[in-house]
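Notes to accompany the following structure.
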């Protein structure tokens with residue numbers, strides 16, 4: 463089988479993401495209670511609206527600032543995301559050795575594209591122009607359509623794409639779209655998958 467593209471999830475594969483840490487960091491930076499940040503981001507549906515593309519980055523930050531009564535800029539948002547995103551070094555080391563083209567598909571809002579160069583500085587040069595968020599399509603994984611639209615943009619056939627995600631529901635969605643897909647949560651798991659598909 464010929465694999466022409468490795469399509470990667472971010473949270474749970476490239477980084478370990480801890481939402482509580484993000485809330486804590488943003489609360490500390492803005493000098494507001496953690497409960498206020500939790501309510502503004504998640505309980506209100508604001509984060510979901512950013513992730514599905516209803517709100518772009520500026521509109522999302524403006525709404526967040528309004529809810530918290532504080533100015534929230536992109537660097538502050540990225541700093542909080544960075545505090546909560548711990549790179550999976552064993553995964554990254556394997557990826558950095560690959561010759562195969564890579565891309566990212568993540569259930570996140572538009573600001574994630576600005577955050578990734580900071581979250582993954584060594585890997586990001588291999589991903590430029592190939593970072594896709596749910597907000598780009600108004601669709602979230604595991605919807606098969608989001609995989610098809612990503613690959614259509616890249617000009618790669620589903621049958622020649624290998625997708626890895628930490629959630630089996632997303633793997634199942636990718637398979638329904640015709641991709642090869644496997645669950646991966648760490649460097650060892652990634653190594654096994656790459657070997658199985660003869661990816662170098």
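In my numbering, the protein residues as written are 463 to 662.
Glycine is no exception: its CB is placed at the ideal position from the N, C-alpha and C atoms.
Using the Cα positions of residue i and residue j, report the straight-line distance between them to the nearest angstrom.
i, j, result
"residue 621", "residue 606", "13 Å"
"residue 495", "residue 561", "46 Å"
"residue 587", "residue 564", "10 Å"
"residue 654", "residue 525", "44 Å"
"residue 546", "residue 581", "10 Å"
"residue 487", "residue 464", "44 Å"
"residue 551", "residue 569", "21 Å"
"residue 509", "residue 492", "18 Å"
So which of the options has the shortest CA-CA distance to residue i?
i, options, result
"residue 651", "476, 464 and 631", "476"
"residue 589", "604, 544, 600 and 558", "558"
"residue 612", "638, 478 and 566", "566"
"residue 574", "554, 522 and 648", "522"
"residue 473", "549, 638 and 517", "549"
I'd like to know if residue i contacts chain C, where contact means its C-beta is closer than 8 Å to some C-beta of that chain.
i, result
"residue 540", "Checking the listed chains, one finds no chain C in this structure; it contains a single protein chain."
Helix, strand or coil for residue i, going by three-state DSSP, please let me know.
i, result
"residue 583", "coil"
"residue 650", "helix"
"residue 655", "helix"
"residue 607", "helix"
"residue 574", "helix"
"residue 485", "helix"
"residue 473", "strand"
"residue 492", "helix"
"residue 660", "coil"
Excluding five sequence neighbours on each side, which residues of the same chain lie with their C-beta closer than 7 Å to the C-beta of residue i?
i, result
"residue 576", "536 and 540"
"residue 636", "609, 625 and 643"
"residue 640", "620 and 621"
"residue 532", "492 and 494"
"residue 634", "604"
Once the 5 residues before and after residue i are set aside, which same chain residues still bring their CB inside 8 Å of it?
i, result
"residue 664", "Outside the shown range of the chain (463 to 662) lies residue 664, about which nothing can therefore be said."
"residue 467", "562, 563, 564, 565, 613, 616, 618, 622, 623 and 624"
Going along the chain, which residues of its own chain have a beta-carbon closer than 6 Å to the beta-carbon of residue i, five neighbours each way excluded?
i, result
"residue 469", "565, 567, 623 and 625"
- Message: Which complete alpha helix (DSSP H) runs does the segment 610 to 641 hold, if anything under 4 residues is left out?
- Response: 630 to 638
- Output the residue ranges of the alpha helix (DSSP H) runs that lie fully inside the segment 494 to 559 and measure 4 residues or longer, sorted by chain position. 496 to 500, 508 to 513, 519 to 530, 536 to 545 and 551 to 558
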